[in-house]
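This report concerns only the one structure given below.
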């Protein structure tokens, strides 16, 4: 690794050790050689008078302060004995020898003198590869020995104060910062914070790759930015970017087209990278199946057809190259879901369409037609937000108001007020996770006056508050009414919010004060799914998954919208579209789901109506008192006839009415009179069907014949069986069109 050049560092730092004062010969004199051999053979007490040239520089470093005098004494003796074994003064030890002595010596395994040895190597021999030491280095102790405890403690306290101002108040941060500070100071040879720039931070991070120090360099940069020593926070990638490194299994010409598109498209950064990532996978497929296709102009109708079929049969991991490692993905080998297949089709349509519209190439196919999504895949599409179960959603809403600081896990570094404000916004504002993360300071305002709508309804002042929502996925910035609790808990968080710095809103290009900002940077939208929702589920006593899968932030948005639409006198679909920030009502309709309880109620009403039959009440017969003499007054409308039996609903022979003398055909004189009678009341009566009748109604012929055979010898209401009725009435009653009177 290339050494870091420190000549540019300002202000220059002068060490307390002046190397010009010492005799730094790399070999031992004859007298010194005789003395050190006696140390090795007789293990005598080593004194300053025996070898002053070797003894004095060590005492100047190790005994400069009162830091761990016992280990300093052990380190002094250990170094002089090592000189005796090497028969060479430490001035002449190479860097590799220093590393070997410290890493491999069994004597150092259970002692704490490694920092003392590193300090001697650093000051006397120019040793800078502290990151090569594999033992517990304790860089903060090394820095105190090298630079002095006073200056190290002073600079660390300055850094602590700056970090506290921007929200780094977690108890785990303070013990970690000194080691990170010391590592940077040792690499840059200067403990002053003013000397820490991007170059030295990047160099230190490269040196300590894989170490906890490398992962926390960003924390130190936040403190430097808060102190005004850097213009902005320095963010480091946690991994090496893979884009542009896939040329080992993709045609270079195809990669050239992909990079050119990446540099030209106006999509947002995340979308650009997602499309580019998919294009590289497509390049892997082309290299395997169509190596002759190296550019867009070679995409024929035949290649498009092969691509449609390949994506339809694609499984996770099939198009993996050298930079796409699927071994740790649990779903590897499973078929792609329909939305993912559609995304693959959309990527190629966009890529080829853009190239055609930019006149980069003349295509031999029509992307929008030949790469359109097949119908057998498109039928599985549709927005499905999967609302959270009602009982779970109500418990989560309750938990957002009732979480307490004790509910946070010990390793959670987010302030309690921040998490509760996010939780209340999620359960009451119906926003996307990205919109919640991008809310600005001052986004809520109280309702100071009564609101009167067009119908004259009055919303008292203070019942709701106004929330300013930033530009989102489907709309420009807008204002929506939400519950007053949102303003209450956001105000509580603002009292504890620290960082005053502005940050870039990548969607709008503005530098704004984000509401939910911690440690000198906006929170990530993943905080909802990874921290807030598990916290609420734990408080509410419900699992992280319900009947439809894992509870996520977007499912909460769908639940909030569905609740507003499904309650009595709920919001209309047009009002909901404005409240959600949708430009199309069609988008809002996918969020409004019928509750299972509503569906059950609708089914019960329809099922009851299916068992209703119309009856005709002859009011004239009732008024004349003829019912006492047994005159019929209640007639059941059977479709092509009427039944004059007042107890038809309980008659066991309802399925054989044509042979019954109570049956009155509609074409008969009596039937015509009943149909035309104006004074008759027409009502509905519910009829309960037996299991046999249900089977018969459903069209089961065998069930119908079995039921008729079963009832053949069962007496009717007049005491006769169907067989006796047929024998006595003959053909007269067998015809449904014969007069019954």
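Residue numbers (this note's numbering): 172 to 912.
Glycine included, each C-beta is placed from N, C-alpha and C at the ideal position.
Note that the coordinates shown come from a computational prediction; the quantities given were computed from them, not determined experimentally.
>> Run through the DSSP bridge pairs and tell me what residue 685 is partnered with.
In response: 611
> Any idea which residues DSSP pairs residue 637 with across the strands?
Replying inline: 616 and 652
> What number of angstroms, rounded off, separates the C-alpha of residue 811 from the C-alpha of residue 715?
Replying inline: 59 Å
> What distance in whole Å lies between the Cβ atoms of residue 306 and residue 272, which are believed to be in contact at a cut-off of 8 Å?
Replying inline: Actually they are not in contact, since the Cβ atoms of residue 272 and residue 306 sit about 11 Å apart, beyond 8 Å.
> What is the DSSP secondary structure of residue 716, reduced to helix, strand or coil?
Replying inline: strand
> Taking just the CA atoms, how far does residue 573 sit from residue 871?
Replying inline: The predicted position of residue 871 is uncertain, since its pLDDT is 48 and thus under 50; a value taken from the coordinates is nonetheless stated next. Going by the C-alpha atoms only, they are around 58 Å apart.
>> Less than 6 Å between C-beta atoms, sequence neighbours within five positions excluded: which residues of the same chain meet that for residue 191?
In response: none
> Apart from the five residues on each side of it in sequence, which residues of its chain come closer than 6 Å, Cβ to Cβ, to residue 905?
Replying inline: At residue 905 the pLDDT is 37, less than 50, meaning the model places this residue with poor confidence; the figure from the coordinates comes in the next sentence. None.
> Smallest Cα separation from residue 703: which of 586, 402, 751 and 657?
Replying inline: 586
> Can you check whether the CB of residue 337 is closer than 7 Å to the CB of residue 726?
Replying inline: no
>> Is it buried or exposed, residue 353, if we count other Cβ atoms within 10 angstroms and call 16 or more buried?
In response: buried
> Can you tell me whether DSSP reads residue 904 as helix, strand or coil?
Replying inline: For residue 904, the pLDDT reaches just 38, beneath the cut-off of 50, and the residue's location in the model is therefore unreliable, although a value from the coordinates is still provided. Note: residue 904 maps to helix in three-state DSSP.
> Within this structure, are the beta carbons of residue 699 and residue 724 separated by less than 7 Å?
Replying inline: yes
> Beta carbon of residue 450, beta carbon of residue 429: below 7 Å?
Replying inline: yes
> beta strand (DSSP E) containing residue 676: first to last residue?
Replying inline: 674-676
> What number of angstroms, rounded off, separates the C-alpha of residue 612 from the C-alpha of residue 650?
Replying inline: 14 Å
> With DSSP run on the structure shown, which of helix, strand or coil describes residue 575?
Replying inline: coil
>> Residues in the same chain with beta-carbon distance under 6 Å from residue 378, minus the five sequence neighbours each way, listed in chain order, please.
In response: 302
>> If you reduce the DSSP assignment to three classes, tell me which class residue 828 lands in.
In response: helix
>> Which same chain residues end up closer than 6 Å to residue 322 when comparing Cβ atoms and leaving out the 5 residues on each side of it in sequence?
In response: 362
> Is residue 721 helix, strand or coil when you go by DSSP?
Replying inline: strand
>> Strictly by DSSP, which residues pair up with residue 808?
In response: 813
>> For a quick check, are the C-beta atoms of residue 320 and residue 236 less than 7 Å apart?
In response: yes
> Roughly how far, in whole angstroms, is the beta-carbon of residue 207 from the beta-carbon of residue 255, given that I think they are within contact range, below 8 Å?
Replying inline: 4 Å
> Grouping DSSP H, G and I as helix and E and B as strand, with all else coil, what is residue 836?
Replying inline: strand
> Does the Cβ of residue 903 have 16 or more other Cβ atoms within 10 Å, making it buried, or fewer, making it exposed?
Replying inline: Legend: pLDDT at residue 903 = 41, less than 50; position of this residue unreliable, value from coordinates given subsequently. Residue 903 is exposed by the Cβ-count criterion.
>> Judging by CA-CA distance, which residue of 512, 488 and 510 is the nearest neighbour of residue 502?
In response: 488
> By the 10 Å Cβ neighbour count, where 16 or more other Cβ atoms means buried, how is residue 472 classified, buried or exposed?
Replying inline: exposed
>> Can you tell me whether residue 785 is helix, strand or coil according to DSSP?
In response: strand
>> I need the boundaries of the alpha helix (DSSP H) containing residue 547, first residue and last residue.
In response: 546-549
> Helix, strand or coil: how does DSSP classify residue 417 here?
Replying inline: In this predicted model, residue 417 has a pLDDT of only 49, less than 50, meaning its place in the structure is not dependable; the value taken from the coordinates is given anyway. Coil at residue 417, not helix or strand.
> Around the C-beta of residue 218, are 16 or more other C-beta atoms found within 10 angstroms, so that it is buried, or is it exposed?
Replying inline: exposed
> From residue 616 to residue 559, what distance separates their C-alpha atoms?
Replying inline: 29 Å
> Can we say the stretch 532-552 touches the stretch 462-481, given the rule of at least three CB pairs closer than 8 Å?
Replying inline: yes
> With DSSP run on the structure shown, which of helix, strand or coil describes residue 506?
Replying inline: strand
> Are the stretch 594-603 and the stretch 649-666 touching by the rule of at least three beta carbon pairs closer than 8 Å?
Replying inline: yes
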